[in-house]
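Residue numbers (this note's numbering), protein chains in the order written: chain A, 1 to 338; chain B, 1001 to 1338.
Backbone N, C-alpha and C fix where the C-beta goes; we use that ideal spot for every residue, glycine too.
First up is the structure itself, then whatever we jot down about it.
Protein chains: 2
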Amino acid sequence: MDTIRKPPTMADVARRTGVSPMTVSRAFKRDSSVSQETREAVLLAAEELGYVFDSTASNLRSQRTDFIAVTIPSINNANFADTVRALSDRVSERGLQILLGYTNYDVAEEERLIEQLLRRKPEAMVVTGGKHTPRARKLLANAGIPVIETWDLPEEPIGHVVGFSNALAVREMVNHFVSVGYRKIAFIGGDASRDTRGTDRRAGFIAALIHHGLDTSRLIAAGPPPISMREGANAMGQLLERFPDTDAVICVSDLSAFGALTECQRRGIAVPDRIAIGGFGDYEIGAICVPSLTTINAFASEIGAKTAELILDVLDGKLDQPGRVTIRPDLILRQTSR
Amino acid sequence: MDTIRKPPTMADVARRTGVSPMTVSRAFKRDSSVSQETREAVLLAAEELGYVFDSTASNLRSQRTDFIAVTIPSINNANFADTVRALSDRVSERGLQILLGYTNYDVAEEERLIEQLLRRKPEAMVVTGGKHTPRARKLLANAGIPVIETWDLPEEPIGHVVGFSNALAVREMVNHFVSVGYRKIAFIGGDASRDTRGTDRRAGFIAALIHHGLDTSRLIAAGPPPISMREGANAMGQLLERFPDTDAVICVSDLSAFGALTECQRRGIAVPDRIAIGGFGDYEIGAICVPSLTTINAFASEIGAKTAELILDVLDGKLDQPGRVTIRPDLILRQTSR
DNA sequence: TACGCCATTGTTATCGATAACAACACCACT
DNA sequence: AGTGGTGTTGTTATCGATAACAATGGCGTA
């Protein structure tokens, strides 16, 4: 009859191998000083016993968890997913694991999430964006671990930064649109208060129009983030009714831009001949759809990779002052605009 | 001058509040027996000291981590992201946190990942798919925690199952296509050995064609997974050259189906008049694109929600035998087919 | 031969919260 | 007054791995 037995510990493996627990512990580390022979014997005994290494005990004693905590606004967004993937790929080579949480584009939720993640004692904390509640800032600043803000260039960074200026990127698109002759340019984005990157992009849009002396009233608020394809399509419908003479529209992301494009297709409106469309983020869909989307490549994967490098450098003690990596977004001209 | 001081512990908070560490511990739990007065005093002292609860110690002593480990093939896939989000939303209400890893559609990588995740002592383990290496199966079976296989209906489940038959779902689409008159039907999917759900879908496709006495040679292998828009477009190009008289094509996902659609648009081939297209997964893009995509809704979010409910039931001791939740995918007819 | 270095292994105390048990005060009810 | 229950707090030992230090044996070199 099977009795419910407790799972084996290192002590059990040690007994079976005829060594001390400490030797078992060393055998499970990569580069520690155990003879090849002993290590193999230990690992064999462990496999036979069905031993599974217990990180919780290791974490407490060694005061290391090998977690990298990451917050992103949404798990369903290909841009953020790309960043996380690049980050994860890079740090997992070093045995570090991503601990992921999403904020739903809400700074209050972000605060809760940050507090929860910090309890797990991660080695570093990566947050998306540079706007946080005062308490979240305080928690991060006092956590005693490297903090990296991404996808933004905050004026007063908490620690390290790997990002770009959302406002500047959109401004460059506007400059291009104006240079090729568009004058009645609209913006489709989310409600102002929530998605801070979206708000920055809209601010850059308005600033650029003012700079060119153009009308800034063509702003369509597509609801609370995330603004995806459906919201983009609806917003384009509103735009066409409220400002029928619009000759170009810039959308907060490629997803909404694609939605807007399809709405034009449904209404038989020629893109780009009657209205041009610009997106943001260089999602796969923008390169594939017909006509393909003019957009801005923000180098999502590169943000993740650079963040990983920065974290590894800090953990290795190679960097003792806050790092600031600035990404330069790229305007990609395709078929939805001149 | 600031000396580097160690972060405060419960003992520090206890001293400051004038109570025992145990009382502090209770104050940080939700429903434990501390007076409202004491709790507030403790939390105030904690806040003043900048105390952050240390999960690593709690995890070891209580033998609970409140982690739910989850493996998905790719973090960049909206279907799996939907499942994880629904799962996460449900379990986080109960203080459980998702520990996510991705396998890159590779069972060997899955094995490594499962081993790594089990070391963290999760309360339950959710895996995507029902095909695993023998060692992975053994690790899961011996882990002593609830195991839930999803997005599949394995013949010999390890533990619980929340899924559907990929083969059957595609078979139903084929049946519909045949019933409305399509006869030369092709399939676009990934290379056979990798993505097991994709392979199941192709198997269902072939079985259905055989049942109807139709030609089964129109199979396009679009490379190793993930098969996304670009691969779908390339595969459609191949299909049109190798089997120009094809009258319908079923794609392994909506992403590849959309890519295929755009290739037709680039070549001026009428959809669905000259060739019909079917997708899989009911991604947002399929509902928005023009023409909209005929597809199969596999209820990704529902899989996550049902998985969460199952986990909570098991952890509450309300379920002592393996659960098997079968999802019934839905054929959604839209504009890319009759 | 003697010395010291290196590789390998062992011993002891500890990381910080909490399970299990004990104790105390206070109140209601008989 | 005595009894029992409830709500609140305290005490002690412990979860399982490992940091820090110690010890051993083998080998090369002077």
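- Taking the beta carbon of Q265/A as reference, the chain B residues within 8 Å of it are V1290, listed in sequence order.
- As computed with DSSP, C251/A is found in a beta bridge with I188/A.
- Annotated as distal: T246/A and A207/A, with beta-carbon spacing of 8 Å or more.
- At least 8 Å separates the CB of S33/A from every CB of chain B.
- DSSP assignment within the stretch 11-36 of chain A yields the following whole alpha helix (DSSP H) runs of 4 residues or more, N-terminal first: 21-28.
- By the neighbour-count definition (other C-beta atoms within 10 Å, threshold 16), D1282/B is a buried residue.
- Membership of H1211/B in the alpha helix (DSSP H) is indicated by the continuous run 1196-1211.
- T1262/B belongs to the set of residues whose beta carbon lies under 8 Å from a beta carbon in chain A.
- For A108/A, the enclosing alpha helix (DSSP H) starts and ends at 107-119.
- Residue pairing by DSSP leaves E1048/B without any beta bridge partner.
- Under the three-state reduction of DSSP, R267/A is assigned to helix.
- With its beta carbon at least 8 Å from every one in chain A, N1234/B lies outside the interface.
- For D330/A, the enclosing beta strand (DSSP E) begins and ends at 330-332.
- Interface criterion not met: the Cβ of R1194/B is under 8 Å from no Cβ in chain A.
- Of the candidates L139/A, G144/A, I285/A, F243/A, the residue whose Cα lies closest to the Cα of G1259/B is I285/A.
- Taking 4 residues as the shortest admissible run, the stretch 51-112 of chain A contains the following complete alpha helix (DSSP H) segments, listed from N- to C-terminal end: 55-62, 78-92.
- Below the 7 Å Cβ cutoff, chain B contributes T1056 as neighbours of T65/A, in chain order.
- The criterion of a C-beta distance shorter than 8 Å is not satisfied by L1293/B and A1248/B.
- Between H1132/B and L1310/B, the C-beta spacing is not below 8 Å.
- Here T150/A carries a strand assignment [DSSP, helix/strand/coil].
- At a beta-carbon threshold of 9 Å, the residues of chain B lying near M229/A are E1284, I1285, A1287, I1288, C1289, ordered along the chain.
- Rounded to whole angstroms, the separation of the alpha carbons of K1306/B and P122/A is 30 Å.
- Take P1272/B, set aside five residues on each side of it, and the residues of its chain with a beta-carbon closer than 6 Å to its own are T1336, S1337, in chain order.
- Residues of chain B with a Cβ closer than 7 Å to the Cβ of P7/A are, in chain order, G1144.
- Per DSSP, reduced to three states, the secondary structure at V161/A is strand.
- Cβ-Cβ distances below 8 Å link L1139/B to E1111, I1114, E1115, L1118 in the same chain, with the five nearest sequence neighbours on each side left out; the list follows chain order.
- Going by C-alpha positions, T1103/B is about 11 Å away from P1226/B.
- In this structure I210/A is exposed. Its beta-carbon is surrounded by fewer than 16 other beta-carbon atoms within 10 angstroms.
- From the listed residues L1319/B, V1252/B, G1304/B, S1179/B, the smallest Cα separation to T1295/B is found for V1252/B.
- Contact annotation: V34/A and I68/A have beta-carbon atoms that are not nearer than 8 Å.
- Apart from the 5 residues on each side of it in sequence, F28/A sits with its Cβ closer than 7 Å to the Cβ of F53 in its chain, given in chain order.
- Rounded to whole angstroms, the Cβ separation of V1024/B and T1071/B is 37 Å, and the two are not in contact under 8 Å.
- Of all C-beta pairs linking the stretch 1142-1162 of chain B to the stretch 1214-1225 of chain B, fewer than three are shorter than 8 Å, placing the two stretches out of contact.
- Here DSSP, grouped into helix, strand and coil, assigns R1135/B to helix.
- In the structure shown, N234/A adopts helical secondary structure according to DSSP, grouped into three states.
- Under the Cβ criterion (8 Å, minimum of three pairs), the stretch 73-86 of chain A counts as touching the stretch 1071-1080 of chain B.
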